[in-house]
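What follows is a short report on a single structure.
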Amino acid sequence: MIDVSELRLRQVLPLGLLAGAFVAVLGLARGARRVPADFTFNNGNEVTSLDPATLTGLPGGRVARAIFEGLVVSHPRTLEPLPGAAESWEISTDALTYTFRMRHAARWSNGAPLTAHDFVYSFERFLNPLTAANYAYLLWYVKGARAYTSDVDVDGQARHDFSSVGIRAPDEYTLEIELDAPTPFFLDLLTFYTLCPVNRRSIEEARARWPERWELEWLRPENIVTNGPFRIIERRVNDRIRLVKSDSYWDAKNVAMRSIDVLAVEQEATMLNMYLTGDLDFTERINPALAREMLPREDFVPLPYLGTYFYRLNTTRPPFDDVRVRRALHLSLPREEICEQVLGVGQIPAFSLIPPILEGFEGASAGQPDLSRARALLVEAGYGEGGTPFPTIEIHYNTSEAHSAIAQVVAAAWRDALGINVKLRNEEWKVFLDSQNNLRFDVSRSSWLSDYADPSSFTDVFVSAGENNRTGWSNPEYDRLVALAARERDPQRRMGQLRDAESILMRECPILPIYFYVHQNVVAPRLGGFHHNVLDAHFPKFLYWMDDAELAEKRRAQPADWTRAPAHGPRAGLYSPAQQHERSAR
Amino acid sequence: MTRFLLRRLLWFGITLGIVMALSFFLMHAVKGGPFDGERQLEPAIERNLEARYHLDWPMWKQFLHYVGPLNLDQQGAAWLTGGDGSRTFGGVLSGDFGPSFRYRDFSVNDILAESLPISALLGFVAMMWALALGISTGIASALWRGSKIDLALRLAATCGIALPNFVIASFLIILFVFLLPLFPVAGWGNLSHMLLPGFCLGLVFAAYISRLTRTGLLEALSQNHIRSAHAKGLAPRTVVMRHALKGGLLPVISYLGPATAGILTGSLVIERIFYIPGTGSHFVNSALNRDYTLAMGVTIVYTVLVYTLNTIVDLAYTLLDPRIDLEEV
Numbered sequence: 001m002i003d004v005s006e007l008r009l010r011q012v013l014p015l016g017l018l019a020g021a022f023v024a025v026l027g028l029a030r031g032a033r034r035v036p037a038d039f040t041f042n043n044g045n046e047v048t049s050l051d052p053a054t055l056t057g058l059p060g061g062r063v064a065r066a067i068f069e070g071l072v073v074s075h076p077r078t079l080e081p082l083p084g085a086a087e088s089w090e091i092s093t094d095a096l097t098y099t100f101r102m103r104h105a106a107r108w109s110n111g112a113p114l115t116a117h118d119f120v121y122s123f124e125r126f127l128n129p130l131t132a133a134n135y136a137y138l139l140w141y142v143k144g145a146r147a148y149t150s151d152v153d154v155d156g157q158a159r160h161d162f163s164s165v166g167i168r169a170p171d172e173y174t175l176e177i178e179l180d181a182p183t184p185f186f187l188d189l190l191t192f193y194t195l196c197p198v199n200r201r202s203i204e205e206a207r208a209r210w211p212e213r214w215e216l217e218w219l220r221p222e223n224i225v226t227n228g229p230f231r232i233i234e235r236r237v238n239d240r241i242r243l244v245k246s247d248s249y250w251d252a253k254n255v256a257m258r259s260i261d262v263l264a265v266e267q268e269a270t271m272l273n274m275y276l277t278g279d280l281d282f283t284e285r286i287n288p289a290l291a292r293e294m295l296p297r298e299d300f301v302p303l304p305y306l307g308t309y310f311y312r313l314n315t316t317r318p319p320f321d322d323v324r325v326r327r328a329l330h331l332s333l334p335r336e337e338i339c340e341q342v343l344g345v346g347q348i349p350a351f352s353l354i355p356p357i358l359e360g361f362e363g364a365s366a367g368q369p370d371l372s373r374a375r376a377l378l379v380e381a382g383y384g385e386g387g388t389p390f391p392t393i394e395i396h397y398n399t400s401e402a403h404s405a406i407a408q409v410v411a412a413a414w415r416d417a418l419g420i421n422v423k424l425r426n427e428e429w430k431v432f433l434d435s436q437n438n439l440r441f442d443v444s445r446s447s448w449l450s451d452y453a454d455p456s457s458f459t460d461v462f463v464s465a466g467e468n469n470r471t472g473w474s475n476p477e478y479d480r481l482v483a484l485a486a487r488e489r490d491p492q493r494r495m496g497q498l499r500d501a502e503s504i505l506m507r508e509c510p511i512l513p514i515y516f517y518v519h520q521n522v523v524a525p526r527l528g529g530f531h532h533n534v535l536d537a538h539f540p541k542f543l544y545w546m547d548d549a550e551l552a553e554k555r556r557a558q559p560a561d562w563t564r565a566p567a568h569g570p571r572a573g574l575y576s577p578a579q580q581h582e583r584s585a586r
Numbered sequence: 587m588t589r590f591l592l593r594r595l596l597w598f599g600i601t602l603g604i605v606m607a608l609s610f611f612l613m614h615a616v617k618g619g620p621f622d623g624e625r626q627l628e629p630a631i632e633r634n635l636e637a638r639y640h641l642d643w644p645m646w647k648q649f650l651h652y653v654g655p656l657n658l659d660q661q662g663a664a665w666l667t668g669g670d671g672s673r674t675f676g677g678v679l680s681g682d683f684g685p686s687f688r689y690r691d692f693s694v695n696d697i698l699a700e701s702l703p704i705s706a707l708l709g710f711v712a713m714m715w716a717l718a719l720g721i722s723t724g725i726a727s728a729l730w731r732g733s734k735i736d737l738a739l740r741l742a743a744t745c746g747i748a749l750p751n752f753v754i755a756s757f758l759i760i761l762f763v764f765l766l767p768l769f770p771v772a773g774w775g776n777l778s779h780m781l782l783p784g785f786c787l788g789l790v791f792a793a794y795i796s797r798l799t800r801t802g803l804l805e806a807l808s809q810n811h812i813r814s815a816h817a818k819g820l821a822p823r824t825v826v827m828r829h830a831l832k833g834g835l836l837p838v839i840s841y842l843g844p845a846t847a848g849i850l851t852g853s854l855v856i857e858r859i860f861y862i863p864g865t866g867s868h869f870v871n872s873a874l875n876r877d878y879t880l881a882m883g884v885t886i887v888y889t890v891l892v893y894t895l896n897t898i899v900d901l902a903y904t905l906l907d908p909r910i911d912l913e914e915v
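In order, the protein sequences belong to chains U and G. Per our numbering, the very first residue in the first sequence carries number 1; after that it's consecutive. Per our numbering, the very first residue in the second sequence carries number 587; after that it's consecutive.
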């Protein structure tokens, strides 16, 4: 018996080993094919989708901007709207009708011309309730669009016909969009990546070919048809997306990188390791524990962008229903200590909701810290000496070391300055969101990152009916000012209205701003065309590699105390055909 | 044997049913949904999303739809499936794990098909490391029992068991990536990407195998047939390698089943540190993202894997040791 079993084992074991070796060889063959890309960057997270209509989140936006192009694109530095798939546009005198002239040279990656009908189809699909696009509201400024998305029958189909929506193509190369009301930032909205066009024919062909799985099939790298500076040729979840330059793109002569690898590294230690060993040329995040050490390096220069870290107060609960209590908490918040001791890489103490970096907008301030005034306010509100004892309050945050460290500093400061008891409560992200949405908190950690470079993307949040308000606070004057500003066509008057709205918010303190974000980009010194802007948005189209001469020139302009970092990338540079031409002419 | 397998199959069905029902209802009972984010959705848009993924159905209907084999999706998806009606069959019982909520361009089947071979390959490399290290150090320990070598190896094995693999990974990255640039720091593609993570993942199992080999070999060496082999005048090397090791490795082989399951389920930390696109990372992430279908898919696949491996181990026991009777297992 023993002999037989041993015999079997002896036969089975080598077979198993052989099978394993075979798999290993397959794996080897697969990896060996890959040549490093011209540019490799870490996206921080896997993209949710390649379908511009339904994708959400910054990582998806970075890829969508590389492979698609909307009617209007952003200037990489100033973010002002520039012609994209549309060559030019006219705005009617009542500011209600936008007429776009399509670019005749614009092509899909399969060579077909890109026309106004493609945009009508794409916007219809984007607004269709069955597509269920998270960002559909961006187009609700268009006549009839809100009703088209919102009014659905029992099957979830739209009750209205798309002809009721103000989007038309009178001919192949003209696109007309009619708005409900003048919307001063409508062109900025159009630069948003979810408004990129999709190719109707490729979707319909996929539908005919794979009746059951066409929704996934049309997005596969081998099937998807795109219109941007790059096209996608490879994709593996949590591994990499390989992009290559698209020759059919109308502005291909201004694109330098021939290939780009997009990675989705989530571990902060891993992304820094990969950057330091040259596996990454750009990563958008860094281990907070190491950020300080990286600080004097030329490849890590944190700068502010449109993002604010703040605490929401639940104004439906006592004692936070009293504005004096809210102001007392505001006046005793240790912002400097948080920015310098807890964070320490250039974050800016915030005394307003909107970061003061928008050109032409001067925001309101909630006032500098003042401990004695804070104590006096609490007494006025009837707490402390001679009044009722202040109830124990709770700071609510989602589980994370950084949030916990900040909450501890705040709790200690409130305890010391105001003599109140503060407890901490942390929750897992999705549970945390659920609690915040349902106002199950006293003080809750929050942040807001702007989608477009306009103060209204912040002030819109706290209108009474806003689903992101989450404080229970409402103020009719605030709502009125925000609504006025949405229609105001004079930029200066509009900024004034938004500023007034912000000062109401800062006076009433339903939120306590803590600090303004700075980006944490680590960028290879040799990388050119990588501009800082207030949205921390980056556009692969403009990237190139500097040659030694240009790098030396850039370094000469840097402050003397910056440390040099190793310069990855080709020493001879990598320039777009147009730049190459310019350089040889010089 | 047949009766044993049939009984196992029956229990397999029951186990899987319970695992599916428990994880499905527990997961949906947890607060927060797949579409919750920092930005709350417009109510109308949220309704559209829920309708599209049937999250507006009563829970029992969602469960039946998920398990299958009948596809309850009648009118809702008519527009999406091209208007020509929907499929009669769907759900897990028809082999369809559904669409992923987080990775919207992929079905759960796609994701598992792509990531499981990678985790399997990583596991294979880890197992090779574990066997090579474990058996060789185990033999050395047994042969020089009580010596300094034995002490050092046993100490190392204890460390291997006690230290979590991410600590070992950090040390090895400092050593073999930054001080001695031999391996890439992370990523997946060729053999050089596999050796370091494979080693970290296999180390704890190497430590166990080393101990098992040592004990097994010591026991085998004290047996009568070994003494007679020595008496016959065979070279000590032949005695150990051909006679003693055969019996001495039995405990190691019976440990391979649980070890394989352990390597497969233990790879999540290593996969994250070394940026490996395997199934392990989906284990945790799918739950955090409330990616209901992917979390269910990973749970079901691992249940099947562990159950199958355990059954194979039970079968292997009887092949190795005729004293064990399957009918009594």
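Beta carbons are placed, not taken as given, at the ideal position from N, Cα and C, and that holds for glycine.
query                                                                                                                                                                                         : result
Check U:W448 in the structure and name its three-state DSSP category.                                                                                                                         : strand
Compare the C-beta of U:Q520 against all C-beta atoms of chain G and say whether one is closer than 8 angstroms.                                                                              : no
Let me know the alpha helix (DSSP H) ranges lying completely inside the stretch 186 to 232 of chain U, each 4 residues or longer, listed in chain order.                                      : 186 to 190, 200 to 209, 214 to 217
Along the chain, which unbroken stretches of the beta strand (DSSP E) at least 3 residues long are found entirely within the stretch 275 to 328 of chain U?                                   : 304 to 313
Measuring alpha carbon to alpha carbon, tell me which residue in G:S756, G:I704, G:L749, G:W715 is nearest G:P776.                                                                            : Before going further, note that residue 776 of chain G is Asn rather than Pro in the sequence given. When each option's Cα is compared against that of G:N776, the closest is G:I704.
Since U:R107 sits in a beta bridge, which residues does DSSP pair it with?                                                                                                                    : U:P113
So with Cβ pairs under 8 angstroms, would you call G:Q626 a contact of chain U?                                                                                                               : yes
To the nearest angstrom, how far is it from the Cα of U:V443 to the Cα of U:L371?                                                                                                             : 19 angstroms
Would you kindly work out how many angstroms separate the C-alpha atoms of U:E6 and G:T824, rounded to a whole number?                                                                        : Residue placement at U:E6 is poorly supported in this model, since its pLDDT is 49, which falls under 50; the coordinates still yield a value, given next. Taking the straight line from one Cα to the other gives about 18 angstroms.
Inspect the beta-carbon positions of G:G802 and G:V838 and report whether they are closer than 8 angstroms.                                                                                   : yes
The ligand GTP heavy atoms versus the CB of G:I862: any closer than 7 angstroms?                                                                                                              : Although the ligand GTP was asked about, the structure shown includes no ligands whatsoever.
When Cβ atoms are compared, which residues of the stretch 126 to 146 of chain U fall closer than 9 angstroms to chain G?                                                                      : N128, P129, L130, T131, A132, A133, N134, Y135, A136, Y137, W140, R146
Indicate whether at least one CB of chain U lies closer than 8 angstroms to the CB of G:G883.                                                                                                 : no
Which whole-angstrom value is the C-beta distance of U:R494 and U:E488, which I expect to be below 8 angstroms?                                                                               : 4 angstroms
Identify whether U:T471 lies in helix, strand or coil by the three-state DSSP scheme.                                                                                                         : coil
Expressed to the nearest angstrom, what Euclidean distance is found between the alpha-carbon atoms of G:D900 and U:Q408?                                                                      : 53 angstroms
List the residues of chain G whose Cβ lies closer than 8 angstroms to the Cβ of U:R34, in chain order.                                                                                        : G775
Short check: CB of U:V237 to CB of G:I697, under 8 angstroms?                                                                                                                                 : yes
So U:L216 and G:F692 are in contact, right, with Cβ under 8 angstroms, and what is the actual spacing, rounded?                                                                               : 6 angstroms
When burial is assigned at 16 or more other CB atoms within 10 Å of the CB, is U:K423 buried or exposed?                                                                                      : exposed
Residues in the stretch 605 to 632 of chain G with C-beta within 9 angstroms of chain B's C-beta atoms, listed in sequence order?                                                             : Annotation note: the requested chain B is absent from the structure, which comprises protein chains U and G.
Assuming U:V634 is part of the beta strand (DSSP E), what are its boundary residues?                                                                                                          : No information on residue 634 of chain U is available, as it lies outside the stretch 1 to 586 that chain U covers here.
List the endpoints of the continuous alpha helix (DSSP H) containing G:S814.                                                                                                                  : 810 to 818
Only counting the same chain, and skipping five residues up and downstream in sequence, which positions put a Cβ closer than 6 angstroms to that of U:W545?                                   : R526, G569, P570, G573, L574
Any beta-carbon of chain G closer than 8 angstroms to the one on U:S49?                                                                                                                       : yes
DSSP three-state label for U:A572, please.                                                                                                                                                    : coil
Taking the straight line between their C-alpha atoms, what separation do you get for U:A350 and U:F41?                                                                                        : 31 angstroms
Starting from G:F610 and walking both ways along the alpha helix (DSSP H), at which residues does that stretch end?                                                                           : 588 to 615
Touch check for the stretch 601 to 611 of chain G and the stretch 271 to 286 of chain U: three-plus C-beta pairs under 8 angstroms?                                                           : no
Consult DSSP for U:L179 and reduce its assignment to one of helix, strand or coil.                                                                                                            : strand
In chain G, what lies closer than 7 angstroms to U:M294 by C-beta?                                                                                                                            : Per Cβ cutoff of 7 angstroms: no residues; U:M294 is ~16 angstroms from chain G at best.
Closest to U:E87 by C-alpha separation, out of U:H104, U:V142, U:D299, would be which residue?                                                                                                : U:H104
Rounded to the nearest angstrom, what separates G:G866 and G:A712 at their Cα positions?                                                                                                      : 14 angstroms
List the residues of chain U that G:E805 touches, going by C-beta distances under 8 angstroms, in chain order.                                                                                : Those within 8 angstroms of G:E805 in chain U number zero; the least Cβ separation is about 16 angstroms.
Determine, using beta-carbon pairs with one atom in the stretch 136 to 145 of chain U and one in the stretch 163 to 181 of chain U, whether at least three such pairs fall under 8 angstroms. : yes
Alpha carbon to alpha carbon, how far is G:A762 from U:N438?                                                                                                                                  : With the sequence shown as reference, residue 762 of chain G is identified as Phe, and Ala is not the correct amino acid for it. Approximately 50 angstroms, taken between the alpha carbons.
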